[in-house]
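Some notes on the structure that comes next.
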Ligand SMILES: Cc1ncc(COP(=O)(O)O)c(C=O)c1O
């Protein structure tokens, strides 16, 4: 798939395979081996040194960061140990006492916990705004009353409800007010949307999900075309030590090469599953930004090239969800998402403000017909 949004030119699988190519030379392996804590001898003291210690820098990070920058359309990225770490380091880099932080009420719950801690300990003024309200004028009053810098952190599509924010419009409003917009691109991935091309100041993401895609590592990254911000993030990473381990770095780069294929299939499966669920009497509501009737579709189609691997569906009760998952052969109950397997998570069990019967499905790479048949028969058993 090639697309017209943002800076895409070749197809995504080609871009992913090429992005990880790096500097391999004849006779050397495609990917460098993991680099551990003290791999290199020091050079002379009067010469600049790098890669002396893997909390500061190592060649594996540079390969992965270059690949992610290509995919996000950023001048640079910094990889860290998890998606939460990416969010924490970027907020710590940008915010000082007296500044204002706006976060969604209905996004990934740990972000609100982090924001509450920043409010209590660091004197940051925190506002929570529902995702759909970012498309209205709800921010103007916050902009007007803010004393210092304003950072707006959003997720689109949001996890778990899959509401979508008009990133281009929000970026313009933030820009006009002197605020900075940061977009969490975890659920869409850079193959689904490029927030920087839409005007966001920075992207944060969990690479734990579809980008690495094998449910076997945690990683996060910050992407931006602002060298000062990237340097500040690097400093936070060095000081806090929230680093991506050498082996995870190697695995993530290896996995990125197949991201185009995997995400293509995941999104195709999600679209097929959503279309099927709409017609099932056991299902009260379906959310998928790619569905033409979904409340998020009008905005999603303007800024997304793919609508993601996540589908929201609502059954009648928590018990029905348990029976639905138990009645399926392929669905795995799991709280992460974006992996090879199709998984299901009843989000109310974690305290998300969704109905008791709401399930977040993460579509995997299985054959579409198999997933459809399996979900169909699991619903039939309710
Ligand atoms: C939208 C979103 N952002 C950030 C994170 C945090 O990522 P990680 O678990 O890699 O720290 C998650 C985790 O589920 C997420 O869903």
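Residue numbers (our numbering): 9 to 390.
Note that CB positions come from ideal geometry on N, CA and C, so glycine has one too.
For my contact list, residue i and residue j are in at a C-beta cut-off of 8 Å; report their separation, rounded to the angstrom.
i: residue 368; j: residue 357; result: Going by Cβ atoms, the distance from residue 368 to residue 357 rounds to 11 Å, so no, they are not a contact pair.
i: residue 234; j: residue 210; result: 7 Å
i: residue 86; j: residue 191; result: Rounded, the Cβ-Cβ distance is 16 Å, inconsistent with contact.
i: residue 174; j: residue 307; result: 5 Å
i: residue 259; j: residue 224; result: 7 Å
i: residue 387; j: residue 288; result: 5 Å
i: residue 380; j: residue 227; result: In fact, because the Cβ distance is near 31 Å, the residues do not count as touching under 8 Å.
i: residue 137; j: residue 241; result: Going by Cβ atoms, the distance from residue 137 to residue 241 rounds to 25 Å, so no, they are not a contact pair.
i: residue 188; j: residue 102; result: 7 Å
i: residue 195; j: residue 88; result: Actually they are not in contact, since the Cβ atoms of residue 195 and residue 88 sit about 19 Å apart, beyond 8 Å.
i: residue 311; j: residue 206; result: 6 Å
Determine the extent of the alpha helix (DSSP H) in which residue i is found, giving its start and end residues.
i: residue 297; result: It is not in any alpha helix (DSSP H) - residue 297 carries neither H nor E in the DSSP assignment.
i: residue 257; result: 254-264
i: residue 6; result: There is simply no residue 6 to check, as the chain begins at 9 and stops at 390 in what is shown.
i: residue 192; result: Premise fails: residue 192 lies in the beta strand (DSSP E), 188-192, not in any alpha helix (DSSP H).
i: residue 97; result: 91-102
i: residue 68; result: 67-80
i: residue 149; result: 147-153
Name the two residues that bound the continuous beta strand (DSSP E) containing residue i.
i: residue 370; result: 366-370
i: residue 387; result: Where residue 387 is concerned, there is no enclosing beta strand (DSSP E), although the alpha helix (DSSP H) it sits in stretches over 376-388.
i: residue 112; result: 108-112
i: residue 132; result: Unbroken run through residue 132: none, as it is neither H nor E.
i: residue 176; result: Per DSSP, residue 176 belongs to no beta strand (DSSP E); it is in the alpha helix (DSSP H), 175-185.
i: residue 318; result: 318-322
i: residue 210; result: 210-214
i: residue 29; result: First-last for residue 29: undefined, no H or E at that position.
i: residue 268; result: Note, residue 268: premise wrong, no beta strand (DSSP E); alpha helix (DSSP H) at 267-285.
i: residue 159; result: 158-163
i: residue 331; result: That residue, residue 331, is in no beta strand (DSSP E); its alpha helix (DSSP H) goes 326-334.
i: residue 231; result: 228-232
i: residue 309; result: Per DSSP, residue 309 belongs to no beta strand (DSSP E); it is in the alpha helix (DSSP H), 305-311.
Is the beta carbon of residue i within less than 6 Å of some heavy atom of ligand 2?
i: residue 285; result: With respect to ligand 2, the structure shown offers nothing to examine, as its ligands consist of ligand 1.
Closer than 6 Å is what we want: which residues have a beta carbon that near any heavy atom of ligand 1? List them in chain order. 90, 91, 92, 116, 163, 167, 192, 194, 195, 214, 216, 226 and 228
Using a Cβ distance threshold of 8 Å, determine whether the region 302-319 contacts the region 73-81, with at least three qualifying pairs required. no
Cβ pair count under 8 Å reaching 3, the region 93-108 against the region 121-138: yes
I want to know whether the region 292-312 touches the region 335-347 - three or more CB-CB distances under 8 Å. no
Contact the region 322-329 vs the region 359-375: 3+ CB pairs below 8 Å: yes
With contact counted as at least three CB pairs below 8 Å, one residue from each stretch, are the region 176-185 and the region 62-72 in contact? no
Is the region 340-351 touching the region 371-378 in the sense that three or more CB pairs, one from each, lie closer than 8 Å? yes
Count the C-beta pairs between the region 263-279 and the region 110-125 that are closer than 8 Å, then say yes if the count reaches three, no if not. no
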